[in-house]
Amino acid sequence: MSEFPVKIRAGGVGKQFASAHGPVTALQEFTLEVHDGEFLCLVGPSGCGKSTFLRILAGLLDAGSGTIEIFRETEADRPLTSMVFQEYAVFPWKTVTENVAFGPQMRGISKAERTETALTWIERVGLKRFADHYPHQLSGGMRQRVGIARALANDSEILLMDEPLGALDAQNRTVLQEQLLELWQEGRKTVLYVTHSIEEAVLLGDRVVLMTAHPGTVKTEFSIPLPRPRSLKTTAEPEFAQLNYAIWESLRDEVQRSIEEGR
Ligand SMILES: Nc1ncnc2c1ncn2[C@@H]1O[C@H](COP(=O)(O)OP(=O)(O)O)[C@@H](O)[C@H]1O
Ligand SMILES: [Mg+2]
């Protein structure tokens, strides 16, 4: 991956929040480079600042200190980042098609064109029959597909995914992991993917970066040399199990520490 140019560079990023018990340091000296076209998975104990980092990259929060550089490919009005959240962040008053067409709509793309784009992505995530449904008529897994289709229809240079499958049951999760792999393998967008699941990180990622428990900083990273295209079958490889175990060994101390701190 390192032969590809750097797409995102975070240097010594720090972020504090005010709380009733005084300032909380969410990120401290957080340094990370993500390469163009890389699928990077960020794993760490709850509360270590993963969502904070994604929100900073998405421009939803300012970094308190340090530097964030994101290198644009084009000067066009193509959006730089799109975010997929854990909790079905779709508009309840919009149909599936309107939800997915939202990004292009915000960019002033004509109704005919944005509807066509939306329908393409809706079909790709397997929701063709539900294009005119409203979110409340869908299951959790289907709503999350809408969120993913919406982010992809936005055609941003970078996809930020914050535990996108975290709220799904194991079976839905497995199916969507495989579909995500397929979708990503077509376009090879730069993806920063936060997950609790080491297995998911190893299955999807080119690299897995582990964060320390509070305050969040980079603990170590693993490169995932499993060949692509990957699929569920990859999880049956001995190398997959070995990587999982090695990463878990490294994460275990951090999880223990975060439990002891009552997070
Ligand atoms: N808006 C906020 N106000 C106060 N504290 C916050 C806010 N957002 C996050 N935090 C705190 O910052 C730390 C990191 O949070 P977060 O980035 O959500 O962690 P993660 O996504 O890794 O679970 C936590 O201690 C959390 O309570
Ligand atoms: Mg989070």
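Numbering of the sequence shown is given in this note's numbering, commencing with residue 771 and proceeding in unit increments. Glycine is no exception: its CB is placed at the ideal position from the N, C-alpha and C atoms.
By how many angstroms is the C-alpha of residue j removed from the C-alpha of residue i?
i, j, result
"Gly781", "His903", "44 Å"
"Gly836", "Arg915", "35 Å"
"Arg757", "Tyr1015", "The shown model of the chain, from 771 to 1033, leaves out residue 757, and the question about it has no answer."
"Leu953", "Leu827", "22 Å"
"Ala859", "Ala940", "20 Å"
"Phe900", "Val866", "7 Å"
"Leu929", "Glu970", "17 Å"
"Ile994", "Gly829", "29 Å"
"Glu1009", "Gly986", "29 Å"
"Val776", "Glu803", "7 Å"
"Ala882", "Leu962", "31 Å"
"Ser789", "Thr890", "44 Å"
"Leu1021", "Pro934", "21 Å"
"Phe787", "Lys820", "14 Å"
"Glu857", "Ala983", "23 Å"
"Met981", "Arg779", "16 Å"
"Ile879", "Asn869", "14 Å"
"Val813", "Val1025", "11 Å"
"Ile918", "Cys811", "17 Å"
"Gly1032", "Pro793", "17 Å"
"Thr990", "His791", "30 Å"
"Leu996", "Gly896", "27 Å"
"Ile838", "Ala871", "29 Å"
"Leu974", "Glu1007", "14 Å"
"Gly957", "Arg1027", "38 Å"
"Arg884", "Gly936", "29 Å"
"Gln798", "Trp1018", "23 Å"
"Arg998", "Lys864", "37 Å"
"Leu824", "Val964", "9 Å"
Which whole-angstrom value is the C-beta distance of residue i and residue j, which I expect to be below 8 Å?
i, j, result
"Val854", "Asp806", "Not a contact, Cβ separation roughly 20 Å."
"Leu1002", "Glu948", "5 Å"
"Ser926", "Thr1005", "Wrong, their Cβ atoms sit about 29 Å apart, outside the cutoff."
"Phe800", "Val988", "7 Å"
"Leu1013", "Val972", "5 Å"
Among the options, which one has its Cα closest to the Cα of residue i?
i, options, result
"Met912", "Thr890, Asn942, Ile838, Ser926", "Asn942"
"Thr822", "Ala921, Pro793, Gly784", "Gly784"
"Leu950", "Ala921, Ser789, Ile968, Lys989", "Ala921"
"Asp732", "Ala919, Arg825, Phe809, Asn924", "Since the displayed the chain opens at 771 and closes at 1033, residue 732 lies outside it and no answer follows."
"Ser967", "Thr990, Gln798, Pro815", "Pro815"
"Gly873", "Val895, Pro849, Leu797", "Pro849"
"Phe992", "Glu1030, Pro999, Asp976", "Asp976"
"Phe861", "Thr887, Pro905, Ala833, Phe774", "Pro905"
"Ile1029", "Ala796, Gly817, His791, Pro793", "Gly817"
"Asp832", "Glu845, Ala796, Thr844", "Ala796"
"Gln955", "Arg894, Phe841, Glu1007, Arg1000", "Arg1000"
"Gln960", "Gln798, Glu843, Gly834, Arg825", "One detail in the question is off: residue 960 reads as Thr in this sequence, not Gln. The shortest Cα separation from Thr960 among Gln798, Glu843, Gly834, Arg825 belongs to Glu843."
"Gly910", "Thr887, Asp1023, Leu946", "Leu946"
"Phe841", "Trp1018, Phe774, Arg998, Lys864", "Phe774"
What residues are listed by DSSP as bridge partners for residue i?
i, result
"Tyr963", "Cys811, Met931"
"Ala780", "Leu802, Ile838"
"Val854", "Met931"
"Leu797", "Lys785, Gly986"
"Ser993", "Arg977"
Determine whether the Cβ of residue i lies closer than 8 Å to any Cβ atom of chain B.
i, result
"His805", "Of the chains in the structure shown, none is chain B; there is only one protein chain."
* Asked: Just the residues with CB closer than 7 Å to a heavy atom of ligand 2, in chain order, which are they?
  -> Lys820, Ser821, Asp932, Glu933, Val964
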